Each structure stands twice: as C-alpha cells, then as structure tokens.
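S.K.:
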C-alpha cells in the first residue's frame, strides 16, 4: 500500500517539471482533439489485433518528446509508443500520449494525455489532460492534487457494498476471460462496476470523488505514473497485493475506507494473476 505523501520540501524542480508537463499535455491534447481525421487509421497493433495504435498516438508522442527534449535535453524518456532513453539528469519523463486509444478511435470522449516526471526513480509531478471534458488534472509530490484550480479530494468512503468501482480489461483473450470472471464475482459485493477505457482518467476520477475505487491488471508505467500521483495527492490509497506498490500484476486505488477491503477481496479472487 502506498501511503499519502508528506509535505513538500523547498525544491523548485518539481514545479518546473509540472509546468513543462502541463504545456506538453495541452499541446498534445489540442493536436489529438482538433487534428483527429475522419478516416483515422490504425497504424499497428500492440498486444493483440484489437489493441491498436493510431497514427495520432505516434504524432502526439513525437510532439511531447520533442517539446520536452528541447526544454531539458539531458532528461530520459519512457513512452508507450517507443520513446525510451536513459538520460543523464536523473529526471525521466513517463509519457502516454493517448490513454484510451480505442475510445479515441471510435469517437468516444474518455481518453487522455498522461505525462509524469520521475526524479531518481520517484514520481514528483504528473499531469492528465482530458480534452473532451475540458479538464486538466495535475499534482506535485506533497503539494496536493488539482483539476484546473480546484483542489481535489477523494470521496468519503462508503461501505464496500455501496462502492462504485471501475476496472479495465486486457486485450489478450485468455487474460480477459479471467478478468471477466473476477468482475463477475466482484459485482455482487459492490454497488456497481464501470469500465471507462482509460486508466489515467479512472485514477483521476478516484481523485475527484467520481469513483470510490479502481483496479486493473496489466497496466504499464505510462498508464499509471501520473494518475497514481494525482490519486494519492487527493487522499486516495494505492497499491497492488497487500503490502506492495501498484504494478503490472495489479493496481488498486481507492478512498481510504474502501481501499483495504477492496484490496483484500481482489487478492482473494486472484485479480493479480491470469
């Protein structure tokens, strides 16, 4: 379990990184929103034929990495669409240029640009831009979470059986089958389950009090980094299996009163394996 973060130290770098992430995310969001072609094409596939990369994912990542590299040429990058450099500054940018690609491909509004900055392996700033909502989520480690200028706080915890929880499903068919079975067993224990299609947006919805919790197996660092920081800075707890941080095996985020029972239930149901 990842606890809420301590108060910030006097350090200008996280705010500098946040400012750059905000501008990069704004530019990429405008490109994706305003430049989406009517005949949007699938450029490649990722893990399976239904896990797609569009030409716009690639264009957005090039825009983001180009902007950040010009501002901070010694930083490293980890990007969903292939950007991966070590850097020499101790800062690494973790970039998902288009989280919710299938939603974007189909013209659904739940997609986002996610940019996080790590320093020496620790996430210190994060931005999730949700253009079709007109929302920009941001956080600096120890400085709270915001949507625009509005401070965010996760929802007061209901009993688990009254909790609204979101999840996502892998694109590999055998993995999806097990995830569907976990969801089948989980639904009677909750108010309901949602499937939004963007991990970054789901994590921000936990931060904003629109969801009581969220879980998913199979996420990558670029899916998680910014949204996890924003959720924690809004007072949510995040983790994986009990005692472990969020990982590809399982990511869980929830308001404090929902987190522990949800995490235990997911562990019992085997949500952490295929």
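In UniProt numbering, the protein residues as written are 1 to 274.
Beta carbons: idealized from backbone N, C-alpha and C, even for Gly.
Since the structure is predicted, the reported quantities are computational estimates derived from the model, not experimental observations.
(1) Would you please state the rounded distance, in angstroms, between the beta carbons of residue 168 and residue 113? I believe it to be under 8 Å.
(2) Would DSSP call residue 119 helix, strand or coil?
(3) Do residue 140 and residue 14 have their C-beta atoms within less than 9 Å of each other?
(4) If you pair each beta-carbon of the stretch 180-194 with each one of the stretch 75-94, do three or more pairs fall below 8 Å?
(5) Pop quiz: residue 132 and residue 109 are said to be a contact at Cβ under 8 Å. What is the actual Cβ separation, rounded to whole angstroms?
(6) Could you please give the first and the last residue of the uninterrupted alpha helix (DSSP H) stretch that includes residue 228?
(7) Residue range of the beta strand (DSSP E) that residue 147 falls in?
(8) With distances taken Cα to Cα, identify the nearest neighbour of residue 249 among 121, 96, 175.
(9) Excluding five sequence neighbours on each side, which residues of the same chain lie with their C-beta closer than 6 Å to the C-beta of residue 153?
(10) If we ignore side chains and look at the alpha-carbon of each, how far apart do residue 251 and residue 92 end up?
(11) In the stretch 87-121, which residue ranges form an unbroken alpha helix (DSSP H) of at least 4 residues, counting only runs that do not cross its ends?
(12) Buried or exposed: residue 100, going by 16 or more other Cβ atoms within 10 Å of its Cβ?
(13) Kindly indicate the opening and closing residues of the alpha helix (DSSP H) around residue 257.
(14) Suppose you measure from the CA of residue 103 to the CA of residue 53; what does that come to, to the nearest Å?
(15) In this structure, does DSSP put residue 151 in helix, strand or coil?
M.R.: Taking the geometry as given:
(1) Your pair residue 168 and residue 113 does not check out as a contact, with CB atoms roughly 18 Å apart and the cut at 8 Å.
(2) Correct three-state label for residue 119: strand.
(3) In this structure, residue 140 sits near residue 14, with a CB-CB distance shorter than 9 Å.
(4) Cβ pair count under 8 Å is below three, so no.
(5) With a Cβ gap of about 4 Å, residue 132 and residue 109 count as contacting.
(6) Segment 221-233, the alpha helix (DSSP H) holding residue 228.
(7) According to the DSSP assignment, residue 147 belongs to the beta strand (DSSP E) that extends over 145-147.
(8) Selected option, being the one with the closest Cα: 175.
(9) Setting aside the 5 residues that flank it on each side, residue 153 is surrounded in the same chain by 234, 235, each with a C-beta closer than 6 Å to its C-beta; the list follows chain order.
(10) In this model, residue 251 and residue 92 are separated by some 21 Å (Cα to Cα).
(11) For the stretch 87-121, whole alpha helix (DSSP H) runs of length 4 or above, ordered along the chain, are 101-106.
(12) Under this definition residue 100 is a buried residue.
(13) Unbroken alpha helix (DSSP H) run through residue 257: 256-268.
(14) If you take the alpha carbons of residue 103 and residue 53, they lie about 12 Å apart.
(15) Under the three-state reduction of DSSP output, residue 151 falls in the strand class.
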